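For what it's worth, this note's numbering labels the leading residue of the sequence shown as 8, then goes sequentially.
The beta carbon of each residue, even a glycine, is placed where N, CA and C say it ideally should be.
All of these numbers come straight from a predicted model, not from anything done at the bench.
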Amino acid sequence: MTLRTLLLLILSLTITCCTDKPSDIRLSRVENLSSESPKEAWDSLGAINYDLLSDADKHYYDFLSVKVADKAYLTHSSDSLILKVIDFESKHQKYGRYSEALYYGGRVYSDLGDYPTALHYFQNAIDLLPPESTNLKLRCVVLSQTARLLNSLRLYSQAIPNIESAIAIDRQLKDSINEIYDLQLLGSIYLRSHNYRKAEKYFLEAMNLSKDKPTHHRAKSAMYLAEVKHRLGFIDSALVLIRNTPDLVNPIARNSALAYASEIYRSAGLIDTAYLYAHELINSPSTSNKETSYHILLSPPLRNKISPDSINKYLTDYLYLLETYYNENENQLALNQQSSFNYQLHERERTKAENSNILLKKWMIGCLFIILLLGIIILFLKNRDKNNILKLRDALENIDKLTLSLKGVSSEQPDKDNEVSILTPVNSNETVQDLRNKLRSKLLSIYNASTQPIFIDPQIIGSEAYSHLQDYISKGSEIKDNNPLWKKLERVILDCSPHFIENLRLLVGGKLTSYDLHTSILIKCGVQPLQMSSLLNRTKGTITSRRESLCFRVFDEKLGTKVIDGIIRLL
């Protein structure tokens, strides 16, 4: 297998992994329609034959089924589809839909009344959409929905930071409609937590933003603001704000407007109007806020307007409504407990699935690694002989340079009379250790043949670093390992013996400690063992032992400290 074949194999695997991209353009059109016309998007989605779609398009269809249903305000009644969608999107995050799938997971469980699980999905979506995210619109929606859910759970202090962050994004995106909704939500949170002054502030901001918007936006803010004025005791202001509001708000908010209006008119002593609004609220098909209407109608000021025959029916209906309300609370509490248990089960199953996926990925990575390793081994075996030859030649060249320098011959311009006898012939069968053995043999021969004392290089003696070294010797002071003097001495030695450290490493097999180097520098500078003990803050015995150890590492036998001193000064 050549390197080219291996690269082609990896490329083909990559292309294969990327061939499951959704391709049906009808699904993209449905998604584009989902925000502007959810009903039309829902109808268009239903007209697509699911069975004829590719696997990737089927997953996209499932995702759009949840999304469009939510946009069309269809109440989610099951979590089976959204769990399937989230599982797929978590494994295919390249499509960029995972955070949105988590958001719709929260919406589904909100409709199912499973608030803990809904919050879990909302929070996971927020984690995937940081403040610097490019999808700020989705982050804003998730924050707003999280705040709305926390408000329902009476977790006001937790809800406020989320809705404040959503408002900041609304302003950044210049989305005034969503800003109105979010300001109304923030005001209602402060209203429910009895912080009326802050509630008033945000409802006024929402009203001011609604001046050039459809009437129902301003009417809803006026409804909330009227309730704030009512609770603060400003009944006249509340009457001005609530007048005609039930007829101006959108149908979803009408029951709330009727409840606020009936309470405000009753507080103002306008019993007839309060009765009309409360009576209309009782007859509403929606159960929202109906307990308020019974409470008002059965209160002393309005009770006289009800015929004796109807009183008992109102009392019975009111009692039934209260019992239903408390039963729903108990059911919600039980649902929360059940959802907590289900969530734990879900987490365990998710962990098992993730572990299985991790194991599968590890197997795939392992197989790919083995393929790459086999390719590398094949290439290595083909080139090993060439590399060995190059290494041997490099080692031989270093040995020749060192031998020439020890003979006093320039490596750039060797003496022709010595060239044949000094240069080592290339033999590809020799190892580096063989070459080191030859080098050590030559060094010993040169050292033993030397009859003259080996002097310190005049360039070293005349240097400023050497002068500083003599000052330390005369004072008997220690030279610390981090003292700059070591570097200065090293530079001076390399100026006169450029291959000193390189050759020393070659002799000791490439492993040269800082202590070995410092000892060698002092030997090269002609420092005596007793002086070394002061400079290195070691006993004379330790210095002797270190020199013997260095000698043994070079020659693999004990030849004495004088030999290693002489060899180092020759380098």
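Look up residue i in the DSSP assignment and say whether it is helix, strand or coil.
i: Y128; result: helix
i: T294; result: coil
i: L566; result: coil
i: V158; result: Per the sequence shown, the amino acid found at residue 158 is Asn instead of Val. Helix at N158.
i: N142; result: coil
i: H201; result: coil
i: S448; result: helix
i: K494; result: helix
i: F559; result: helix
i: N319; result: helix
i: A260; result: helix
i: D667; result: Nothing can be reported for residue 667, as the shown portion of the chain is limited to 8 through 578.
i: F210; result: helix
i: L309; result: helix
i: S346; result: Per-residue confidence for S346 stands at a pLDDT of 49, beneath the threshold of 50, marking its modelled position as unreliable; the derived number appears in the next sentence. The answer is helix: DSSP assigns S346 an H, G or I state.
i: L430; result: Note that L430 scores 42 on pLDDT, short of 50, meaning its location in the model is unreliable; the coordinates nonetheless yield the value given after this. Here L430 sits in coil by DSSP.
i: C374; result: helix
i: T546; result: coil
i: Y80; result: coil
i: I249; result: helix
i: S85; result: coil
i: A3; result: Outside the displayed span of the chain (8 to 578) sits residue 3, for which this structure offers no information.
i: R104; result: coil
i: A175; result: helix
i: P465; result: helix
i: P505; result: coil
i: S228; result: helix
i: P536; result: helix
i: N39; result: helix
i: V515; result: coil
From this set, the options, which residue's C-alpha is nearest residue i's C-alpha?
i: K227; options: A54, A213, R104 and K368; result: A213
i: V247; options: N202, V256, A268 and R261; result: A268
i: L537; options: I528, K368, K531 and T549; result: T549
i: F129; options: L119, L156, E139 and N142; result: L156
i: K105; options: N158, L136 and L255; result: Just to set this straight, residue 105 is Tyr in the shown sequence, not Lys. Y105 has its Cα closest to that of L136, out of N158, L136 and L255.
i: S42; options: V75, L60, S35 and I55; result: V75
i: D243; options: R273, P253 and I463; result: R273
i: A63; options: Q100, L81, S183 and I528; result: Q100
i: N296; options: I259, P505, G483 and H506; result: I259
i: Q477; options: F210, N362, M539 and R199; result: M539
i: Y206; options: D177, K236 and K220; result: A small fix is needed here, since residue 206 is Ala in this sequence, not Tyr. If we check each option's Cα against that of A206, K236 comes out closest.
i: D464; options: D94, Y321, D502 and Y57; result: D502
i: K565; options: L451, S504 and N311; result: L451
i: D563; options: N444, W493 and I468; result: N444
i: S195; options: F210, D182 and I468; result: F210
i: K181; options: I574, N202, L514 and L143; result: L143
i: S35; options: L309, K46, Y67 and Y57; result: Y67
i: Y80; options: G103, K65, S97 and A48; result: A48
i: S470; options: K208, Y479, I480 and L496; result: L496
i: S200; options: Q165, K220 and R225; result: Q165
i: T551; options: Q179, T568 and R225; result: T568
i: D31; options: S314, E234 and L60; result: L60
i: S527; options: A229, N544, S363 and I574; result: I574
Give the C-beta separation of residue i and residue j to the nearest angstrom, bearing in mind that I take them to be a contact with Cβ-Cβ under 8 Å.
i: Y473; j: C532; result: 6 Å
i: Y284; j: L328; result: In fact, because the Cβ distance is near 18 Å, the residues do not count as touching under 8 Å.
i: I133; j: L150; result: 7 Å
i: L1; j: V534; result: Past the edges of the chain, shown from 8 to 578, lies residue 1, and the structure says nothing about it.
i: A125; j: C147; result: So it is not a contact: roughly 18 Å between Cβ atoms.
i: L193; j: T222; result: Contact doesn't hold; Cβ gap of about 22 Å is too wide.
i: E270; j: T299; result: 7 Å
i: K122; j: L71; result: The identity of residue 122 in the sequence shown is Tyr, whereas the question assumes Lys. About 26 Å separates the two Cβ atoms, so there is no contact after all.
i: D572; j: I530; result: 5 Å
i: L198; j: Y231; result: 7 Å
i: A264; j: T280; result: Actually they do not touch by this definition, with Cβ atoms about 13 Å apart.
i: I500; j: I467; result: 7 Å
i: Y321; j: L309; result: In fact, because the Cβ distance is near 11 Å, the residues do not count as touching under 8 Å.
i: S306; j: N262; result: Actually they do not touch by this definition, with Cβ atoms about 19 Å apart.
i: D118; j: T82; result: 5 Å
i: E171; j: L145; result: That pair is no contact at about 18 Å.
Counting contacts by CB-CB distance shorter than 8 Å, is residue i in contact with chain B?
i: P123; result: The question asks about chain B, but that chain is absent: this structure has only one protein chain.
Does the Cβ of residue i lie closer than 7 Å to at least one heavy atom of the ligand NAP?
i: Y116; result: No copy of the ligand NAP appears in this structure; indeed no ligand is present at all.
The region 213-224 in contact with the region 181-189 per 3-pair CB rule at 8 Å | yes
The region 113-130 touching the region 81-101, judged by at least three CB pairs closer than 8 Å = yes
The region 480-489 contacting the region 547-563, beta-carbon criterion three pairs below 8 Å | no
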